[in-house]
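Residue numbers (the UniProt record's numbering), protein chains in the order written: chain A, 1 to 357; chain B, 1 to 357.
We put the CB at the ideal spot given by N, CA and C, even for glycine.
Nothing here was measured: the structure is a model prediction, and the numbers come from that model.
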């Protein structure tokens, strides 16, 4: 640590991404990435002319990309803010609306980045425990005066609240900000986007990293009232005006407009997920059905830690959390059917169950 | 403005980028972009496989890109921090080391983003006036206990301080941070990078947006002691861990390694700049010789505002600053020789000087 680092950062606990070992080739199912390529239209967009256009700054208002995203929900681009992945969008939202010392809340088990941000930037945060069935207790968030951050569906549990439950939280107090992270929304549950026309204390964050198969492109977006979006733009223009590259904009715009391809990939993943969850249940595993591109379960006859380690020894990376309430679970990203067949065969081998049909 | 925007942001003045009108085709020489394409190796790097690899997150430590940048200066990647353009790198540096209320200083005439950041994030900033010849008075920065931010060469004046002058500032007080923005350094003056092995209160910021012709790719970097870099990484990992796209990394790595191409483009721009400055002097214009990819001058027989407006009417965008001490100047980016010939012919026509040889 240098002499100059501000005291408030000295005890921060930076976000820990899923491991990326490179001692051998792994089937990487630990970070909810995609086994399907991006839309072919993304490749079409990367023409020689487009690559060469990096010689100029792009429009820092990103109107073309914001219009393309708006068209998905029949919204004006004025309701859309774009950033370098959902994390940056979340950070700009929190930076704009949550001051050091302000009270926020989120579940004890959720996407760890919220806590990372809260600790680092000095928010007064409270974590409400998930219920025994690992679902969110809506009443916790209705009956608090704290600003709310919720992943819906939640991660790593994969469970979702209904739009009417979210509406209860949002409408309980219009002077309280509610941030809903819908990173996984396209895989099953209903989006809260229609609520933004009625509530000005709601920000919804989505991403191209999951259903659009493009985590490496770093494109996330927020949907909210035009006033909220204007505020976030104001903060962005004082931190990094030109936050997205011309290549991300070109690729992102092409991907946003190709809803057919997104639906196709999402359909395959949902089908594979349901089949894979069925197969895990046949092994006696305790499966928490998700509405995402991953499965979440407690294995039987082997600890979660052992199963994770043995899958890694077999060249398959999955996510294990060495922490209270989570250390009996494994989270596995849904890849292609062939990849998940390989995972199943390997799990059966590890736990000593015959792979014969 | 929404009910929720934090008070401290309500009076911020977001950075104003150069205008980007699209009512017609313009020769855009107002934002110090590049008329030369990026290295052909950048195009080579954008293979189908590379574009398709957006399906996965990149290594958020960006070791490959940092190593490539380090190799330019024979430094370890541990001395390199990468971000989404120099603005993000500057913001992460200021966020890591400058708290609300802390004292910083920079010139009255310089890259406006420093003031934007200082106002928005509540730094106690002081602007030392440039001398009458628009150069920086080194003593101002030696004799203050404030942290220092300097663009070297300065923008829009284009003048540079020597490494020994910068060393005087840095060495005057080791408990004071000095941030040197070397965005334009490759066009002439000597870099301060060698100083980082001796001073741990120095951060140098550079960019791929100027000499590497890639403003649209959004790649900037900081060079500093490994402790300073570790601190900045810590803050980045709590704000946006995966800040660069896989495409920017691939393109940036290819560009960093192609120093020959960079030298070729820089050589052409310096040659064209010197010739263009000579030609402006022949028109009686008062030229402040720069060490950058732009020229900075006071026209004669026409006001700077009028010249800017008439160039725009002729399809050429240049930069005019409607503010005290700057409103008699025009800044023009150096494009290709043919483009600058067109600018000269147009200027001669506007001021009524014959274009005959």
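- When Cβ pairs closer than 8 Å are counted between the two stretches, the segment 295-305 of chain A is seen not to touch the segment 7-15 of chain A, the count staying below three.
- Secondary structure remark: continuous beta strand (DSSP E) runs of at least 3 residues inside the segment 227-298 of chain A, in chain order: 286-288 and 294-298.
- Against chain A, the beta carbon of residue 181 of chain B has no neighbour under 7 Å; the closest one sits roughly 14 Å away.
- Taking a Cβ-Cβ threshold of 8 Å, the residues of chain A close to residue 28 of chain B are 56, in chain order.
- Rounded to whole angstroms, the gap between the alpha carbons of residue 221 of chain B and residue 146 of chain A is 38 Å.
- As the crow flies, the alpha-carbon of residue 252 of chain A is around 34 Å from that of residue 179 of chain B.
- With fewer than three CB-CB distances shorter than 8 Å, the segment 93-102 of chain B does not count as touching the segment 279-295 of chain B.
- Where residue 42 of chain B is concerned, the enclosing alpha helix (DSSP H) starts and stops at 40-45.
- Cβ-Cβ separation between residue 5 of chain B and residue 231 of chain A: approximately 4 Å, consistent with a contact (criterion under 8 Å).
- With a threshold of 9 Å between beta carbons, residue 128 of chain B makes no contact with chain A.
- Taking C-beta separations shorter than 6 Å and ignoring five residues to either side along the sequence, the partners of residue 310 of chain B in its chain run 350, following chain order.
- Against chain B, a Cβ distance below 7 Å from residue 120 of chain A picks out 238.
- Classified as buried, residue 154 of chain B has 16 or more neighbouring CB atoms from the shown chains inside 10 Å of its CB.
- Taking residue 288 of chain A as reference, the option from A:331, A:314 and A:322 with the minimal CA-CA separation is A:331.
- In this chain, the beta strand (DSSP E) harbouring residue 127 of chain B covers 124-128.
- In the DSSP assignment, residue 308 of chain A falls within the alpha helix (DSSP H) that extends over 304-313.
- For residue 99 of chain B, the neighbours in chain A by C-beta distance under 9 Å run, in chain order, 6, 7 and 8.
- Residue 4 of chain B carries a coil assignment under DSSP once its states are collapsed to helix, strand and coil.
- Counting only the Cα atoms, residue 239 of chain B lies some 10 Å from residue 114 of chain A.
- Your pair residue 213 of chain B and residue 246 of chain A does not check out as a contact, with CB atoms roughly 13 Å apart and the cut at 8 Å.
- Every candidate alpha helix (DSSP H) stretch fails here, since none sits fully inside the segment 180-218 of chain A while reaching 4 residues.
- DSSP places residue 82 of chain B within a strand segment (E or B) once states are collapsed to three.
- For residue 120 of chain A, the enclosing alpha helix (DSSP H) starts and ends at 113-120.
- Under the Cβ distance rule, residue 266 of chain B does not count among the residues neighbouring chain A, no pair being separated by less than 9 Å.
- The C-alpha of residue 143 of chain A is placed about 20 Å away from the C-alpha of residue 195 of chain A.
- Considering only A:122, A:51, A:50 and A:111, the residue with the shortest C-alpha distance to residue 18 of chain A is A:111.
- Annotation: residue 151 of chain B is outside any alpha helix (DSSP H); the continuous beta strand (DSSP E) that includes it extends over 147-151.
- The beta carbon of residue 152 of chain B sits closer than 8 Å to those of 160, 161, 166, 180, 181, 182, 185, 189 and 192, all from its chain and outside the five residues before and after it, given in chain order.
- For residue 103 of chain B, no alpha helix (DSSP H) run applies; the uninterrupted beta strand (DSSP E) run containing it begins and ends at 103-107, by DSSP.
- When secondary structure is reduced to three states using DSSP, residue 221 of chain A falls in the strand class.
- Contact between the segment 27-47 of chain B and the segment 25-36 of chain A is absent, with fewer than three C-beta pairs closer than 8 Å.
- Residue state for residue 333 of chain A is assigned as strand, using DSSP reduced to three classes.
- Take the alpha-carbon of residue 199 of chain A and the one of residue 99 of chain A: they are about 22 Å apart.
- DSSP links residue 28 of chain B through a beta bridge to B:317.
- With a threshold of 9 Å between beta carbons, residue 276 of chain A makes no contact with chain B.
- The C-alpha of residue 157 of chain B is placed about 8 Å away from the C-alpha of residue 135 of chain B.
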